[in-house]
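Encoded as structure tokens, the structure appears first; notes follow it.
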DNA sequence: GTGCCTCGAGTTCC
DNA sequence: CTCGAGGCAC
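In our numbering, the protein residues as written are 15 to 735.
Spelled out as structure tokens, the structure:
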């Protein structure tokens, strides 16, 4: 069973006392006593976790205790107790919740904070769609519920799966729990064959108060706010506990559908209501930014009278065909925005300023605060961004906070940006201690002592120690094993720090030799590890000896090569061999074709090229790379989105004036069909789409004998206008 | 050169 | 989630 890891720190019973005697050296008498002790601890922990949602120990300790119990039982089978924890089958599935891949990604929303942001939003959409300022453009507007989003999948009208948002691509399977929520129908009629309904799970104020009163009465853990209560309740491993918690659900969107629900957002929501979903009664249709802002004011006024938390108002383009044309940016749809309410503020004292060193060597100041509640959460740290922010200047040297600097000992006003990240808004000069001094930002790395240098025009100061700086080395390794890179289960920040400090993992390749070295390392005998967790760790590591090219590239942690750029490179060169060959050729000959090709890739400019080549030119990096590759089975070639469109895999260049669509739209459309869009014509170009006014690119394409299409021909090729 | 838009890298608490 | 800056169109 997986214990909840999101609990506060608890003392670990396992590590408190003297080191336990190894099972094989226990006498029968001692073993019996030990089994009794373990049964008590484990069963109590189990109950605390399940019935009270208040874990008393960490995952690792819990697993270690269970493993110890099992080891002793294996040696003394006769001593196995009736209440043995190893017999507790009814408790929960071993792995917690299963993972679910969303057929259509669950995205987040861009945020707006004032009226100007809303008129900008409207303006951006009009520009993208090539609509004039006075053309009609309707939106829907609805309160943004502060709960957690859930995706419900119906097949033939039957609820078959419920999943949390997770990282947007992959969530947790909470089907059994969702079925216990009264607002969620188990069957719907008159629905498409496949329908994913999306909405928000929340807890009403009244139910939240009642639940907390009940919890307090039983001496259980109370929740800080309704959102946490809803999240905690939905993520119960035992659905019967969820059933006892009064959760509600509003439907407001959809994922995969086998046939369109309607022509408009409004119509689709009406349709969901007809099917039996609760939809928010405050939803309105608005004919422009002014109406949206009006509705926002109305909802803000009603906020206090609502029986649920809301943190803003969401606006969506009503016409679904237009939504389709607008499409998505990397994490948000272009056709929607969340207009957030002003953040809650709180005053507290700044006790200290610590400096953290990131994987690129960036020195980031962090404020240590006297704990204070902001928006229902206790905050004790806040980011201070950089040197200038502390001094009261923005990146152009212009004053912010009217130039008031931030000092240790100051009373500061804290808020949670986007209701998440704690930040400091202002300082109270009247309460500033008389002996305070302006903060002086360190000019050497606090971790390794190397000079910390701030390049002219740059806002961050960076440690110049490179891989000789332990902080940078550790952060790079953490990045490597992170969820979006190699994603190695059981090898988190804590373990990386431990292995690095012990000198056991100092480079990526050494992760993969861990198992072979375990003869000497004997991880299973260490605190926090057991036979089972060590076996799991090795299995997780071995699983990643095969890795997709884009993840591999991203994991290397080359500056300016994030997930998107890594993907772009993977999509361009398809295999690691091709990419490495191109990079080596470009290093060898900066005048050559390989170099030109690299710079020609859309989205990759001189800075990224420079970083890539510097990485390849560095002997140390090549060694790290070769050592790592020697440990891997395969770096999988880029798997182009399985598209059978006529332009899939083709490289397309747009030039001249486009009439039916804007350039952005054309690019997004082509990419969604599996094409690569480049900015310049080269030998690799397959199709040039030339509008009126095309110049040098059309000429070059003609010289190279590249297919040139008019915009109309292009639209016919991809099927539809 | 200027002004978007997007991406990368930093951050917190659960 | 936000800020700074890279990339690109105008």
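Built from N, CA and C at the ideal position, the CB exists for glycine as well.
Query: For residue 552, collect the residues of the same chain with a Cβ closer than 6 Å to its Cβ; drop the 5 residues on either side in sequence, then sort them by chain order.; Result: 529
Query: Report yes or no: do three or more beta-carbon pairs, one from the segment 123 to 136 and one from the segment 346 to 354, lie closer than 8 Å?; Result: yes
Query: Tell me which residues share the same chain as residue 737 and place their Cβ nearer than 7 Å to its Cβ, disregarding the 5 neighbours each side in the sequence.; Result: Any question about residue 737 goes unanswered here, given that the chain covers just 15 to 735.
Query: Could you say which of 402, 377 and 430 lies nearest to residue 392 if we only look at CA atoms?; Result: 430
Query: Determine the extent of the beta strand (DSSP E) in which residue 349 is found, giving its start and end residues.; Result: No beta strand (DSSP E) contains residue 349, which DSSP labels as neither H nor E.
Query: Count the other CB atoms within 10 Å of the CB of residue 315; is the residue buried (16 or more) or exposed (fewer)?; Result: exposed
Query: Leaving out the 5 sequence neighbours to the left and right, which residues in its chain are closer than 6 Å to residue 102 when beta-carbon positions are compared?; Result: Low local confidence applies: a pLDDT of 38 at residue 102 is under 50, so the model's placement there is unreliable, and no value is given.
Query: Considering residue 269, what are the terminal residues of the alpha helix (DSSP H) in which it resides?; Result: Where residue 269 is concerned, there is no enclosing alpha helix (DSSP H), although the beta strand (DSSP E) it sits in stretches over 262 to 271.
Query: Could you check the C-alpha separation between residue 269 and residue 208 for me, to the nearest Å?; Result: 10 Å
Query: Helix, strand or coil: how does DSSP classify residue 299 here?; Result: strand
Query: I'd like to know if the segment 226 to 234 and the segment 144 to 164 are in contact, where contact means that at least 3 CB-CB pairs between them fall below 8 Å.; Result: no
Query: For the alpha helix (DSSP H) holding residue 550, just list the boundary residues, first then last.; Result: 545 to 557
Query: Over what stretch of residues does the alpha helix (DSSP H) that includes residue 746 continue unbroken?; Result: Here the chain covers residues 15 to 735 and nothing more, so residue 746 does not appear.
Query: Which one or two residues does DSSP pair with residue 477 in a beta bridge?; Result: 466
Query: Checking 8 Å against the spacing of the C-beta atoms, do residue 499 and residue 549 come in under that value?; Result: no
Query: Within 10 angstroms of its Cβ, does residue 335 collect 16 or more other Cβ (buried), or is it exposed?; Result: exposed
Query: Quick one: which unbroken alpha helix (DSSP H) runs of 4-plus residues sit fully inside the segment 570 to 615? Chain order, please.; Result: 577 to 587, 590 to 602 and 607 to 614
Query: Got a sec, what are the start and stop residues for the beta strand (DSSP E) residue 172 sits in?; Result: 172 to 178
Query: Within 10 angstroms of its Cβ, does residue 718 collect 16 or more other Cβ (buried), or is it exposed?; Result: exposed
Query: Please classify residue 108: is it buried, with 16 or more other beta-carbons within 10 angstroms of its beta-carbon, or exposed?; Result: With a pLDDT of 28 at residue 108, under the threshold of 50, the predicted position of this residue should be treated as unreliable, though the coordinate-derived value follows. Looking at its Cβ environment, which holds fewer than 16 other Cβ atoms inside 10 Å, residue 108 is exposed.
Query: By how many angstroms is the C-alpha of residue 442 removed from the C-alpha of residue 59?; Result: Residue confidence for residue 59 is low, a pLDDT of 48 falling below 50, so the modelled location carries little weight; the figure read from the coordinates is stated next. Taking the straight line joining both Cα atoms gives about 46 Å.
Query: Flag this pair as touching only if the segment 468 to 476 and the segment 368 to 379 have three or more C-beta atom pairs under 8 Å; answer yes or no.; Result: yes
Query: Among the candidates 213, 365 and 240, whose CA atom is the shortest distance from the CA of residue 220?; Result: 240
Query: Relative to the C-alpha of residue 216, which residue among 246, 445 and 728 is closest?; Result: 246
Query: Once you ignore the five residues that flank residue 704 on each side, which residues in its own chain have a CB closer than 6 Å to its CB?; Result: 669, 670, 712 and 722
Query: Give me the Cα-Cα distance between residue 414 and residue 621, rounded to the nearest whole angstrom.; Result: 30 Å
Query: If you reduce the DSSP assignment to three classes, tell me which class residue 201 lands in.; Result: strand
Query: On a CA-only basis, which of 204, 243 and 214 is nearest residue 292? Give me that one, please.; Result: 214
Query: Looking at C-beta atoms only, is the number of pairs between the segment 131 to 143 and the segment 197 to 205 that lie closer than 8 Å three or more?; Result: no
Query: Anyone know if the C-beta pair for residue 386 and residue 360 falls short of 8 Å?; Result: yes
Query: Could I get the ranges of all uninterrupted alpha helix (DSSP H) runs contained in the segment 359 to 421, with 4 residues as the minimum, in chain order?; Result: 401 to 405
Query: Can the beta-carbon of residue 267 be found closer than 8 Å to that of residue 317?; Result: no
Query: If you run the structure through DSSP and keep just helix, strand and coil, what is residue 146?; Result: coil
Query: Would you tell me roughly how many angstroms separate the C-alpha atoms of residue 428 and residue 623, rounded to the nearest one?; Result: 40 Å
Query: State the DSSP-derived secondary structure class of residue 714, mapped to helix, strand or coil.; Result: helix
Query: If you follow the beta strand (DSSP E) that residue 526 is in, where does it begin and where does it stop?; Result: Premise fails: residue 526 lies in the alpha helix (DSSP H), 522 to 526, not in any beta strand (DSSP E).
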